[in-house]
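Structure, as structure tokens:
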């Protein structure tokens, strides 16, 4: 069937809700079984439903979601399974990159992969002595008598082992930043299951090794011309994390409410005989709910700032002013929600008795997952830059990490 000739699954609201319910049930089952299994069922559903193509234009076989629609969808997915949502982060960023005007030579090949349900992960970060967020890497794409070869070692390779293809950043023979996109199972690619973070534990965020991996010339994505110009893609990657946090807070609210409803007793000196009638417990749940609402509203607001930047990039090319606005908006969300979110994830224990701290309750996962997300690109630096912009009209850092 030709791409674009049939209705995209992600346009049917009832079907979307059914898939989200299935994903949420799988997440709960995996948690109950120890939380050590990756979201393989969820990934199959994502592929089958072609949710990786929701931001792909309809004429290319995607669902054609607007930016606000996309972030609504992402928040709902993160509420169902935050690991699964996180795994898709690099994929969705590349979908935007592929649609920037003028279109990249050879990009139609990868657009077709996305349209058919394929997932493209990434391996970008490294454990090295180089500054985080810069454009100098230890991983090398070298020319040999046998052709191009990729050599290096990446960490924080979120979603890499669960994808169909990988986008890897490297330096070429001239030490110029570049990237390649290759099949995940190509000879010489090794995935190590060594991610031991306190949260987002089943995202596959460990090491990926490239041992003299063959790369074809048409798999190379030069980056030199995009450095410092494609802020909107970086802003999307930042706001993506905050949307996952908003989804976690939505799930936290549901867990807090269920915890109060499920309590069979209370203290002799409590404010009411029944937990569900206790005004102090109800106040805490209400405050958690308000934080979740605020996080979602802030993500929506930043998505509205991001939308014109991404649409301009597709239609006419990158607009520096719109790109700057989108980066500032995403940074503001992070600075605004981090402390209230972490406090809310801690306060859930105040509406439960001693049993709420049992490991089997799994309530600590919300704080651990939020803390892990917020540790991407430290908030203290974002706040300082925002202050510098407000006071001195400073320029933003030339990094997609902002």
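In full-length UniProt numbering, the protein residues as written are 1 to 402.
The beta-carbon is built from N, C-alpha and C at its ideal position, and this holds for glycine as well.
Between the alpha carbons of residue 384 and residue 378 lies a gap of roughly 10 Å. When DSSP reads this structure, residue 143 sits in a beta bridge with 148. The Cβ atoms of residue 317 and residue 105 do not sit closer than 9 Å to each other. Counting along the chain, no beta strand (DSSP E) covers residue 124, and no H or E run does either. Residue state for residue 212 is assigned as strand, using DSSP reduced to three classes. Just so you know, the alpha carbons of residue 76 and residue 52 end up roughly 15 Å apart.
The closest CA to that of residue 69, considering only 358, 43, 109, 307, is found on 307.
Residues of the same chain with a CB within less than 7 Å of the CB of residue 336, apart from the 5 flanking positions on each side, are 298 in chain order. Taking the C-beta atoms as reference points, residue 179 is found nearer than 9 Å to residue 170. A straight line joining the alpha-carbon of residue 19 with that of residue 367 spans about 26 Å.
For residue 165, the enclosing beta strand (DSSP E) stretches over residues 165-171. Residue pairing of residue 180 in beta bridges, as defined by DSSP: 168, 220. For residue 282, the enclosing alpha helix (DSSP H) stretches over residues 279-315. Ranked by Cα distance from residue 401, the first of 211, 119, 93 is 93.
A distance below 6 Å between beta-carbons, with the five flanking residues on each side excluded, links residue 91 to the following residues of its chain, in chain order: 52, 119, 120. Non-local C-beta neighbours of residue 241 in its own chain, meaning closer than 7 Å and more than five positions away in sequence, comprise 373, 376, ordered along the chain. By the neighbour-count criterion, in which 16 or more other beta carbons inside 10 Å mark a residue as buried, residue 198 falls on the exposed side.
Secondary structure of residue 335 (DSSP, three-state): helix. About 27 Å separates the beta carbon of residue 249 from that of residue 390, a gap too long to meet the 8 Å contact definition. The alpha-carbon of residue 326 is positioned some 34 Å away from that of residue 215.
Collapsing the DSSP output to three states places residue 363 in coil.
For residue 242, the enclosing alpha helix (DSSP H) stretches over residues 231-262. Annotation: residue 146 to residue 176 spans about 21 Å, alpha carbon to alpha carbon. Within its own chain, the residues whose Cβ lies closer than 8 Å to the Cβ of residue 26, once the five positions on either side in sequence are excluded, are 39, 41, 42, 81, listed in chain order. In chain order, 306, 326, 327, 330 place their CB closer than 6 Å to the CB of residue 235, counting only its own chain and leaving out the 5 sequence neighbours on each side. Cα atoms of residue 301 and residue 239: separation of roughly 11 Å, rounded to the nearest angstrom. Around the Cβ of residue 255, a 10 Å sphere holds 16 or more other Cβ atoms; the residue is buried. The continuous alpha helix (DSSP H) containing residue 77 extends over residues 67-80.
Leaving aside the five residues that flank residue 157 on each side, the residues in its chain whose CB is nearer than 6 Å to its CB run, in chain order, 123, 208.
Residue 304 places its beta carbon 9 Å or farther from that of residue 96. Excluding residues up to 5 positions away in sequence, 284 lie with their Cβ nearer than 6 Å to the Cβ of residue 347 in the same chain. In the structure shown, the three-state DSSP call for residue 376 is coil. Contact between residue 83 and residue 200 is confirmed by a C-beta separation of about 6 Å, below the 8 Å threshold. Per DSSP, reduced to three states, the secondary structure at residue 348 is helical. At a Cβ-Cβ threshold of 9 Å, residue 181 and residue 161 do not count as neighbours.
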